[in-house]
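Just so you know, the sequences run in chain order G and Y. Heads up: the first sequence at position 3 corresponds to 3 in the numbering used here, and the numbers run straight through without jumps. Plus 132 on top of the position in the second sequence (first one is 1) and you've got the numbering used here.
Number of protein chains: 2
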Amino acid sequence: MRNLLKGKGYKATPARIEILDILNKSKKPLNAELVYQKIKNKNINKTTVYRTLSSLSESEILKIVDLHKDSVFFELQNKHHHHIICTDCDLVEDIENIEVEKVLSKIKISSSKFKNIKEHSLEFFGICKECS
Amino acid sequence: MRNLLKGKGYKATPARIEILDILNKSKKPLNAELVYQKIKNKNINKTTVYRTLSSLSESEILKIVDLHKDSVFFELQNKHHHHIICTDCDLVEDIENIEVEKVLSKIKISSSKFKNIKEHSLEFFGICKECS
DNA sequence: ATACTAGTTGCAAATCATTTGCATTTATGA
DNA sequence: TCATAAATGCAAATGATTTGCAACTAGTAT
Numbered sequence: 001m002r003n004l005l006k007g008k009g010y011k012a013t014p015a016r017i018e019i020l021d022i023l024n025k026s027k028k029p030l031n032a033e034l035v036y037q038k039i040k041n042k043n044i045n046k047t048t049v050y051r052t053l054s055s056l057s058e059s060e061i062l063k064i065v066d067l068h069k070d071s072v073f074f075e076l077q078n079k080h081h082h083h084i085i086c087t088d089c090d091l092v093e094d095i096e097n098i099e100v101e102k103v104l105s106k107i108k109i110s111s112s113k114f115k116n117i118k119e120h121s122l123e124f125f126g127i128c129k130e131c132s
Numbered sequence: 133m134r135n136l137l138k139g140k141g142y143k144a145t146p147a148r149i150e151i152l153d154i155l156n157k158s159k160k161p162l163n164a165e166l167v168y169q170k171i172k173n174k175n176i177n178k179t180t181v182y183r184t185l186s187s188l189s190e191s192e193i194l195k196i197v198d199l200h201k202d203s204v205f206f207e208l209q210n211k212h213h214h215h216i217i218c219t220d221c222d223l224v225e226d227i228e229n230i231e232v233e234k235v236l237s238k239i240k241i242s243s244s245k246f247k248n249i250k251e252h253s254l255e256f257f258g259i260c261k262e263c264s
């Protein structure tokens with residue numbers, strides 16, 4: 001984590017390292033509140049969590065995940081994958097599908113108004129078997 | 133619009149009709165504030181706009197579009213398509229790509245924990261030629 | 001090791017999109 | 001035309017996120 005931060009020009013502070021560790025261990029994307037709850041070092045302020053998540057997602061370290069919730073969720077960029085979200089119970093399942101990535105990468109060169117496309121977001125929504 | 137509403141069991145009120153008209157004419161997804169600004173009938177309250185957008189997206193009339201902004205954007209479900217968003221100037225371009233839809237529809241049957249997947253969201257982010 | 005400096009953080013207060021309670025109004029079916 | 005559930009307006013509340021500013025600290029140069 002230290003190297004990841006320094007490589008992007010960030011100072012490797014305890015807050016950033018712990019927040020990245022938390023996101024790295026998490027199976028699901030997390031929002032600021034959830035990250036804050038998992039932090040053990042109680043000297044870290046919630047504002048710092050917001051600022052860290054926001055600033056690290058401006059570089060390519062973190063990625064915003066749209067779960068259609070009222071708050072913003074994040075995951076490590078290198079854990080990037082797509083999800084299915086249950087609109088009832090909020091269950092999140094990962095999708096691994098090579099074909100998707102192939103097609104998505106082709107689209108990256110098909111726009112007339114955009115030179116380069118940096119990232120994409122793709123999520124699915126439905127009702128899980130448990131809820132239905 | 134009246135029929136669309138009634139078909140889903142909604143009362144066809146002036147507010148709903150005007151809001152759907154606005155979304156139908158719009159080339160871009162709109163948030164509550166933008167919809168409200170376009171409303172000519174000044175008897176319609178902004179709260180009603182919020183409630184209308186929220187309730188119509190619970191049925192399959194409207195669709196939430198994730199633009200990575202601080203507010204929630206909507207578009208008519210039947211106008212459903214994907215977008216490229218410029219993270220600098222907020223330019224939104226539509227994507228028409230049949231291959232994408234083919235692949236996406238295949239994924240819909242590949243989940244172990246989900247019986248049926250109702251919808252998906254797919255957006256791309258980058259810097260448009262103008263901004264770069 | 002020590003000092004410097006820009007980048008970070010904590011705290012409290014401010015913002016701002018969105019939601020809610022409740023009284024009033026209205027669309028629709030009988 | 002009437003009854004009634006659904007929809008709306010208004011004002012106040014909520015809650016996530018942001019901001020100003022003073023105090024702190026990681027990384028670098030000395």
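Think of the CB as a built atom: it goes at the ideal place given N, C-alpha and C, for glycine as much as any other residue. None of the values given here were measured: they were computed from a predicted structure.
Can you confirm whether residue i, when its beta carbon is compared against all beta carbons of chain Y, has any partner nearer than 8 Å?
i              : result
residue 90(G)  : no
residue 98(G)  : no
residue 118(G) : yes
residue 123(G) : yes
residue 26(G)  : no
residue 126(G) : yes
residue 8(G)   : no
residue 84(G)  : yes
Looking at the C-beta of residue i, does it have a partner C-beta in chain G at a distance below 8 Å?
i              : result
residue 203(Y) : no
residue 225(Y) : yes
residue 212(Y) : no
residue 186(Y) : no
residue 196(Y) : yes
residue 200(Y) : yes
residue 191(Y) : no
residue 246(Y) : yes
residue 235(Y) : yes
residue 261(Y) : yes
residue 239(Y) : yes
For a test of the three-state rule: what should DSSP assign to residue i, helix, strand or coil?
i              : result
residue 140(Y) : coil
residue 250(Y) : strand
residue 255(Y) : strand
Taking residue i as the reference, give the member of the options with the closest Cα.
i              : options                           : result
residue 72(G)  : 32(G), 40(G) and 102(G)           : 32(G)
residue 151(Y) : 177(Y), 141(Y) and 140(Y)         : 177(Y)
residue 213(Y) : 222(Y), 194(Y) and 200(Y)         : 194(Y)
residue 49(G)  : 126(G), 67(G), 130(G) and 30(G)   : 30(G)
residue 231(Y) : 93(G), 95(G), 90(G) and 110(G)    : 110(G)
residue 75(G)  : 27(G), 4(G) and 132(G)            : 27(G)
residue 131(G) : 144(Y), 247(Y) and 256(Y)         : 247(Y)
residue 117(G) : 185(Y), 238(Y), 223(Y) and 136(Y) : 223(Y)
residue 128(G) : 14(G), 21(G), 95(G) and 86(G)     : 86(G)
residue 237(Y) : 245(Y), 197(Y), 225(Y) and 253(Y) : 253(Y)
residue 192(Y) : 140(Y), 133(Y), 156(Y) and 167(Y) : 140(Y)
residue 149(Y) : 142(Y), 201(Y) and 133(Y)         : 133(Y)
residue 126(G) : 93(G), 119(G) and 70(G)           : 93(G)
residue 52(G)  : 5(G), 101(G) and 107(G)           : 5(G)
residue 69(G)  : 56(G), 58(G), 78(G) and 89(G)     : 89(G)
residue 14(G)  : 57(G), 77(G), 78(G) and 41(G)     : 41(G)
residue 25(G)  : 65(G), 97(G) and 79(G)            : 79(G)
**Asked** Quick one: complete alpha helix (DSSP H) runs, 4+ long, within the segment 35 to 116 of chain G?
**Response** As far as the segment 35 to 116 of chain G is concerned, its whole alpha helix (DSSP H) runs of at least 4 residues are 46 to 58 and 98 to 107.
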